[in-house]
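These notes are about the structure you will find just below.
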Amino acid sequence: MKPLSDLYQQMLRIRLVEEEIANRYSEQKMRCPTHLSIGQEAVAVGVSSALTIDDKVYSSHRAHAHYLAKGGSVNKLIAELYGKKTGCTGGRGGSMHLCDLDAGFMASTAIVANSIPLAVGHALHFQTQNTGAISVAYFGEGATEEGAFYESLNFAVLKSLPMLFVCENNRYSVYSSLDVRQPSNRSIIDLAKAIGANTIELDGNDVVAVAEAANEAKTSILQGKGPVLMECHTYRHREHCGPNYDDELGYRPKQEVEDWLKRDPLVLAEVQLPSTFSKDKIIASISSEIGQAFSLAEAAEFPSIDQNYEYLYA
Amino acid sequence: MKPLSDLYQQMLRIRLVEEEIANRYSEQKMRCPTHLSIGQEAVAVGVSSALTIDDKVYSSHRAHAHYLAKGGSVNKLIAELYGKKTGCTGGRGGSMHLCDLDAGFMASTAIVANSIPLAVGHALHFQTQNTGAISVAYFGEGATEEGAFYESLNFAVLKSLPMLFVCENNRYSVYSSLDVRQPSNRSIIDLAKAIGANTIELDGNDVVAVAEAANEAKTSILQGKGPVLMECHTYRHREHCGPNYDDELGYRPKQEVEDWLKRDPLVLAEVQLPSTFSKDKIIASISSEIGQAFSLAEAAEFPSIDQNYEYLYA
Amino acid sequence: MLETANFADEINRAQHQSMQMDSSMLSFGLGIDDPKGIFGTTSGLAKAFGSERVFDMPTAENAMTGIGIGAAIAGSRVLMTHQRLDFFLLAMDQLVNNAAKWHYMFNGMMKVPITIRLIIGRGWGQGPTHAQNLQAWFAHVPGLKVVVPSRTENVAQQLHQAIMDDNPVLFIEHRWLHQQSCHTESIVSLEQPLEHTQIVREGKNITVVANSYMLLEALRAAEHLAELGIDCEVIDTACLHQINWSVLHSSIEKTGHLLVCDSARKEFSCGAEILANLSENCFGHFNRAPVRLGLPDYPEPTSYGLTKDFYPCAQAIACKISELLGSKKSLEAHSPLEQSGHHDVPGSWFKGPF
Amino acid sequence: MLETANFADEINRAQHQSMQMDSSMLSFGLGIDDPKGIFGTTSGLAKAFGSERVFDMPTAENAMTGIGIGAAIAGSRVLMTHQRLDFFLLAMDQLVNNAAKWHYMFNGMMKVPITIRLIIGRGWGQGPTHAQNLQAWFAHVPGLKVVVPSRTENVAQQLHQAIMDDNPVLFIEHRWLHQQSCHTESIVSLEQPLEHTQIVREGKNITVVANSYMLLEALRAAEHLAELGIDCEVIDTACLHQINWSVLHSSIEKTGHLLVCDSARKEFSCGAEILANLSENCFGHFNRAPVRLGLPDYPEPTSYGLTKDFYPCAQAIACKISELLGSKKSLEAHSPLEQSGHHDVPGSWFKGPF
Ligand SMILES: Cc1ncc(C[n+]2csc(CCOP(=O)(O)OP(=O)(O)O)c2C)c(N)n1
Ligand SMILES: Cc1ncc(C[n+]2csc(CCOP(=O)(O)OP(=O)(O)O)c2C)c(N)n1
Ligand SMILES: [Mg+2]
Ligand SMILES: [Mg+2]
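Protein chains in written order, with the numbering used here: chain B, 1 to 314; chain A, 1 to 314; chain U, 1 to 354; chain S, 1 to 354.
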């Protein structure tokens with residue numbers, strides 16, 4: 001397993017990237033719907049620590065952390081938000097459609113739960129090709145309400161596919177709390193168990209716990225024991241979509257927000273770091289990387305409108 | 001509860017109706033896909049014994065038994081198979097789209113699992129209108145593979161709707177056995193429990209057991225304890241669609257078929273009947289009813305083609 | 001001073017009125033009772049009518065559509081709202097195999113009074129899966145009604161009558177219309193019978209057919225062309241299930257020229273149907289070949305840099321018309337129509353993030 | 001004596017060949033390996049290529065489509081089969097929001113080599129939800145390919161090339177074609193480049209456009225009309241995503257008359273697009289107004305008594321053509337085209353039950 005300082009550093013990097021996106025969003029140059037992962041970095045970093053370049057990842061509308069943690073290029077991410085030619089999809093997809101094939105980050109998509117079957121299909125390919133790699137689907141707890149999730153999990157278990165399901169339960173779907181969407185006595189873990197998946201429920205803000213669980217899950221999957229579903233309890237700090245805090249709207253209990261902010265995954269990790277760990281130096285280096293990414297993105301050209309007809313068909 | 005002789009009589013009536021359909025199907029006058037319930041009558045009869053006219057029923061492609069047990073008209077059923085004006089939908093729907101509103105049999109539909117949400121919607125109406133009636137969805141175990149089933153069950157439990165889910169697990173979906181469709185360690189009951197439904201698993205060929213379970217379920221539902229899912233283990237005797245036996249195709253193990261034929265719901269009930277029970281007299285009366293239904297159907301007119309444009313819009 | 005009303009508020013008003021008039025009515029959809037009230041269109045409903053009648057739902061578009069249909073069959077009147085049409089693709093089985101066919105296949109015994117509001121996104125990086133208008137799909141399916149509003153004056157009337165209709169109705173709202181306003185004076189009463197196909201501007205040189213946001217562009221183009229001496233007749237085909245063909249036929253007989261503007265992909269579209277029908281029925285009345293405008297045959301890209309000409313605007317319409325009529329006016333003649341500000345927002349009030 | 005091949009066998013052959021040529025290829029669908037082999041079209045595949053590559057699936061059309069797409073993205077070549085197009089309505093989100101857009105929205109970085117076979121039912125009480133042809137939906141969506149075969153001669157070629165195509169292809173088979181046969185001699189090789197739009201019969205009086213089962217009816221009508229001195233040019237628009245418009249335009253320039261036969265509901269259809277395009281582009285070449293035939297705007301009823309005229313047959317086509325050409329021939333002149341036997345089966349071999 002990677003040392004905590006590594007995991008922390010990665011979380012910090014993702015946090016700083018997203019905070020800079022938030023800071024600059026009001027300049028109105030990143031003109032696309034943008035869902036920040038701030039508060040949920042431990043899941044992405046912990047899970048990715050168990051993955052190699054050969055393992056493939058699919059994600060949802062809230063994908064920045066998954067993309068960066070898997071090794072996606074920060075320059076291409078920022079350029080994508082700016083809609084530039086140098087973006088990871090050349091401006092075609094925006095924040096909700098990320099891709100970095102060099103990093104094994106296949107795709108994120110904007111329709112709730114609809115990338116889960118794709119990930120399972122990738123696992124099917126791995127199984128028939130006998131590759132020894134695993135496929136990962138990240139999704140929110142809201143996505144577990146979709147039939148697509150259920151059908152996908154059923155098939156993955158049926159075929160014992162090399163598949164890791166990672167559910168980030170941040171308790172909300174946009175402004176809607178769990179109690180208007182899921183029965184009070186329903187547990188995602190129990191559901192997955194009933195379907196026959198192996199399961200791990202854990203504190204998604206504890207990066208070490210996530211990393212350990214992901215490693216354990218991967219080992220089990222590669223031993224042919226079938227898919228694993230990890231339910232990671234976590235929380236997003238800011239509004240559902242966009243750069244701001246929106247707790248003045250009152251859809252989340254004040255106490256709940258406060259408690260979760262105290263359990264910020266970075267804060268939880270920080271207190272465990274060795275005293276020799278120098279945060280400032282790291283921040284400086286990350287900040288310069290980020291500054292450069294934004295400068296490059298701003299300076300880059302828009303893709304040419306003449307290419308709009310390209311790639312309709314392969 | 002209704003006496004066993006009543007329940008038996010109803011099963012027998014359904015059996016004889018369907019056997020006559022099978023006998024005459026090759027005359028090629030019933031020109032529509034027809035899925036017989038022969039072997040599964042106990043579920044329909046047992047469940048219906050707990051229902052009143054105010055309780056509403058939705059079903060699937062295999063609906064003859066549900067329709068008749070709920071009180072649907074046999075004359076209208078047979079006429080419908082013949083595509084006649086006097087059929088229960090005037091020939092519009094055929095065997096896969098039955099309806100008898102006078103009996104509280106709302107509808108059967110031909111797309112797997114797609115009437116389940118409708119039944120749940122009906123239960124939602126009952127709840128908001130506070131009617132004290134329940135809504136029933138019949139479906140096969142194949143339908144539980146559809147996301148629509150999962151999403152419907154989730155919502156029914158969420159809202160604690162007056163809803164009875166009746167799964168007839170006859171182990172096959174067309175020619176496909178369970179092992180190519182559902183994980184071996186997956187139980188429909190455990191799944192429903194995990195979602196938060198109340199559940200009853202039972203021998204679907206034991207009409208008394210079904211009747212008792214349905215009564216118990218209805219009481220619980222009307223007490224506001226939320227939906228109940230009954231899983232009834234049963235078996236169809238003939239081919240998936242059509243009048244014949246098809247076990248020469250070898251898709252069902254010989255021993256399995258034999259064991260289930262021995263467990264014919266009529267046979268199981270028959271041995272428990274009082275010795276005073278006169279089967280012959282009943283058969284005679286049912287046969288005359290059936291004979292008449294077929295005569296009427298044959299004699300009836302086809303609906304007029306001129307009416308084809310009617311009822312496109314309400 | 002005249003008071004003004006806006007499109008979103010009118011949609012909201014129609015819902016309040018309908019729920020008041022029919023106590024069986026239910027209304028649900030993702031976020032329907034949330035603080036933003038679906039761009040303001042559903043604000044206050046849950047408060048006014050209670051959470052039994054107005055409620056949020058699980059992210060489960062397919063079954064929830066079926067549940068709405070079932071409740072409607074049972075006797076409730078149902079309104080369902082989707083924040084994007086694209087999400088509704090999950091529910092095509094329920095829509096097409098159940099809602100559209102129910103009344104017909106059960107021989108008129110049951111009816112399905114459900115209205116489904118579908119909002120179309122555009123711009124600000126909505127991108128490939130948040131900006132689709134599939135009106136042509138719905139119009140193709142027998143048994144559905146399809147209403148695509150454009151104007152604040154009659155949107156409340158259209159929505160109210162859709163809700164009160166005993167058939168399944170798709171009500172397709174373009175997100176860019178929500179802030180549109182009009183004088184309250186000009187608002188049509190909720191009960192006034194719908195005009196399915198309406199001449200919005202009379203003219204004698206060319207017939208321009210449009211709906212949704214495209215109608216506004218067509219009207220802008222028409223105002224401008226009038227100054228150049230080209231007199232456009234602009235016709236709103238808001239009700240795609242029941243186009244009043246005689247209105248269109250008479251118009252062609254008068255003008256002899258046709259431009260159909262589609263608010264979706266140009267090919268295999270509603271525009272194709274309109275052009276086809278008029279070609280079949282007005283043969284001999286055309287002075288020149290009819291033409292179409294519509295979206296290109298690729299998805300909406302996300303980048304600001306790629307969407308510039310994705311949506312035909314008033315200027316494109318004006319150019320197409322002058323080209324069709326053989327006018328010598330150059331592109332520059334239509335430059336007054338050029339959009340000021342950013343092309344990917346309906347106005348400066350729009351600041352994202354979605 | 002010449003040997004004959006039949007349509008179902010040709011479809012089967014194309015699959016065998018494709019699986020042999022590409023060892024990454026997977027094929028799945030409900031009942032694909034069952035004793036009846038989906039009307040014989042998939043028989044022997046599971047045995048030849050093993051249950052890892054050819055497999056049955058849960059009744060879960062939506063996720064299974066996504067799983068097929070995911071496997072295709074990952075590098076497998078995928079073929080999926082649905083016994084009825086109607087069941088596939090559950091998977092529109094995966095088809096439209098993922099498969100159709102993937103290559104485009106990810107800037108060409110990935111491709112989706114998936115082919116989806118969809119079988120259309122007809123007659124023998126298939127009824128409202130087992131007989132829909134939604135080719136117009138698919139043709140409207142950018143990024144999809146849509147192939148609608150009609151003839152035994154080239155169906156294997158068409159399916160093979162669909163499978164080998166690196167894009168999502170809908171392959172829409174009409175159930176009534178499966179028993180059609182032709183001489184093995186006339187079969188086109190699998191590798192020969194596709195003709196997207198093909199003149200199947202040359203003629204000079206009228207252009208008749210059709211696909212799917214409707215093409216056979218059109219050809220029957222043309223044979224008959226030839227005897228009456230009317231010379232029809234019959235054109236097969238099998239590939240709806242890439243109609244070769246110049247073939248159609250030249251034909252209109254030659255004949256001056258057009259009948260478009262749609263194998264789905266007449267309005268808001270592929271027929272509308274064809275008629276619209278030709279009206280736009282061949283203005284001045286038409287001697288009379290173009291016309292269309294298609295299915296009525298209600299669902300297929302189930303009853304034998306109600307379906308008699310639901311599908312336009314060769315006789316209806318012949319009548320429409322003589323009417324269009326102002327021929328004095330009465331209905332009786334076309335009575336040789338009347339179908340013998342039952343109208344709800346393709347031939348006496350068809351005995352139900354589905
Ligand atoms: C099918 C579909 N329905 C609705 C939406 C609108 N939507 C976008 S994100 C979102 C919330 C999903 O919640 P969850 O899965 O918990 O993810 P989170 O935003 O909490 O990370 C919703 C409803 C959508 N994109 N797709
Ligand atoms: C969505 C959909 N997929 C496939 C079919 C084809 N089909 C008709 S009945 C059936 C079997 C369903 O099995 P089950 O639910 O167990 O019911 P049973 O036939 O055993 O009573 C299938 C797959 C269909 N009608 N609808
Ligand atoms: Mg969430
Ligand atoms: Mg079954």
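Quick reminder that beta carbons are idealized off the backbone N, C-alpha and C, glycines included.
Exercise. What residues in its chain sit with their C-beta under 6 Å from that of E115/S, if we drop five residues either side in the sequence?
Worked result: Sequence check: residue 115/S is Thr here, not Glu. Around T115/S: L79, A162, I163, V169, F171.
Exercise. Mind pulling the chain A residues with CB within less than 7 Å of Y150/B?
Worked result: G147, Y150
Exercise. The alpha helix (DSSP H) spanning D280/A covers which residue range?
Worked result: 279 to 299
Problem set entry | Reduced DSSP category for K193/B - H, G, I as helix; E, B as strand; rest coil | helix
For this session: Return yes when the C-beta of N205/A is under 7 Å from any heavy atom of ligand 4, and no when it is not.
Result: no
Exercise. Ligand 2 heavy atoms versus the CB of R117/S: any closer than 7 Å?
Worked result: no
For this session: List the DSSP bridge partners of G140/B.
Result: E168/B
Problem set entry | Selection of the stretch 51 to 65 of chain S by Cβ proximity to chain A, strictly under 9 Å | S51, F55, D56, M57, P58, T59, A60, E61, N62, A63
Exercise. Which residues are close to ligand 4, meaning CB closer than 6 Å to any heavy atom, in chain order?
Worked result: G140/A, E141/A, G142/A, N170/A, Y172/A, S173/A
For this session: Thinking M1/B and A148/B are a contact (beta carbons under 8 Å), I'd like their distance in whole angstroms, please.
Result: Their Cβ separation, rounded to whole angstroms, is 33 Å, which puts M1/B and A148/B out of contact at 8 Å.
Problem set entry | Helix, strand or coil at D203/A [DSSP, three-state] | strand
Exercise. Just the Cα atoms here: how many angstroms apart are R31/B and E301/B?
Worked result: 15 Å
Problem set entry | Nearest candidate by alpha-carbon position, reference L134/S, set F286/S, K266/S, W349/S, H334/S | K266/S
Exercise. Is V166/A near ligand 2, judged by its Cβ being under 7 Å from some heavy atom?
Worked result: no
For this session: Could you check which residue in S176/A, T34/A, E216/A, Y150/A has the C-alpha nearest to that of S48/A?
Result: E216/A
Problem set entry | the stretch 266 to 294 of chain U: positions lying closer than 9 Å to chain S by Cβ | E267, F268, S269, C270, G271, A272, E273, I274, L275, A276, N277, L278, S279, E280, N281, C282, F283, G284, F286, R288, A289, P290, V291, R292
For this session: Verify the CB distance criterion: does H130/S have a CB-CB separation below 8 Å to chain A?
Result: yes
Problem set entry | F87/U beta carbon near ligand 1 (any heavy atom closer than 7 Å) | yes
Exercise. In the stretch 24 to 90 of chain B, which residue ranges form an unbroken alpha helix (DSSP H) of at least 4 residues, counting only runs that do not cross its ends?
Worked result: 41 to 48, 64 to 69, 74 to 81
Exercise. Is the Cβ-Cβ distance between M230/A and A209/A less than 8 Å?
Worked result: no
Exercise. Can you tell me whether DSSP reads P267/S as helix, strand or coil?
Worked result: Residue identity differs from the one stated: residue 267/S is Glu in this sequence, not Pro. Coil.
For this session: Return helix, strand or coil for F81/U, following the three-state DSSP convention.
Result: Here the sequence assigns Thr to residue 81/U, which means Phe is not the residue at that position. Reduced to three states, the DSSP call for T81/U is strand.
Exercise. Along the chain, which unbroken stretches of the beta strand (DSSP E) at least 3 residues long are found entirely within the stretch 182 to 258 of chain U?
Worked result: 198 to 201, 206 to 210, 232 to 236
Exercise. From the beta carbon of D166/S, is the nearest beta carbon of chain U less than 8 Å away?
Worked result: no
Exercise. Which one or two residues does DSSP pair with L153/B in a beta bridge?
Worked result: According to DSSP, L153/B bridges with nothing at all.
Problem set entry | Closer than 8 Å to chain B by CB, S303/U | yes
Exercise. When Cβ atoms are compared, which residues of the stretch 284 to 310 of chain B fall closer than 7 Å to chain U?
Worked result: F302, P303, I305, N308, Y309
For this session: Indicate whether at least one CB of chain U lies closer than 8 Å to the CB of V112/S.
Result: no
For this session: Given a cut-off of 8 Å, decide if P227/A and F165/A are closer than it, judged by their beta-carbon atoms.
Result: yes
Exercise. Going by other Cβ atoms of all chains shown within 10 Å of its Cβ, with 16 needed for buried, is G326/U buried or exposed?
Worked result: exposed
Problem set entry | Cβ-based burial, I53/A [other Cβ within 10 Å; buried from 16] | exposed
Exercise. Is R220/U near ligand 1, in the sense that its beta carbon is under 7 Å from a heavy atom of that ligand?
Worked result: no
Problem set entry | Beta-carbon proximity check, I134/A vs K193/A, cutoff 8 Å | no
Problem set entry | Minimum C-alpha distance to L191/A - residue among K225/B, Y150/B, K84/B | Y150/B
For this session: Give the residues of chain B in contact with G196/A, contact being defined as C-beta atoms less than 8 Å apart.
Result: P183, S184, N185, R186
Exercise. With which residues is D100/A paired in a DSSP beta bridge?
Worked result: F105/A
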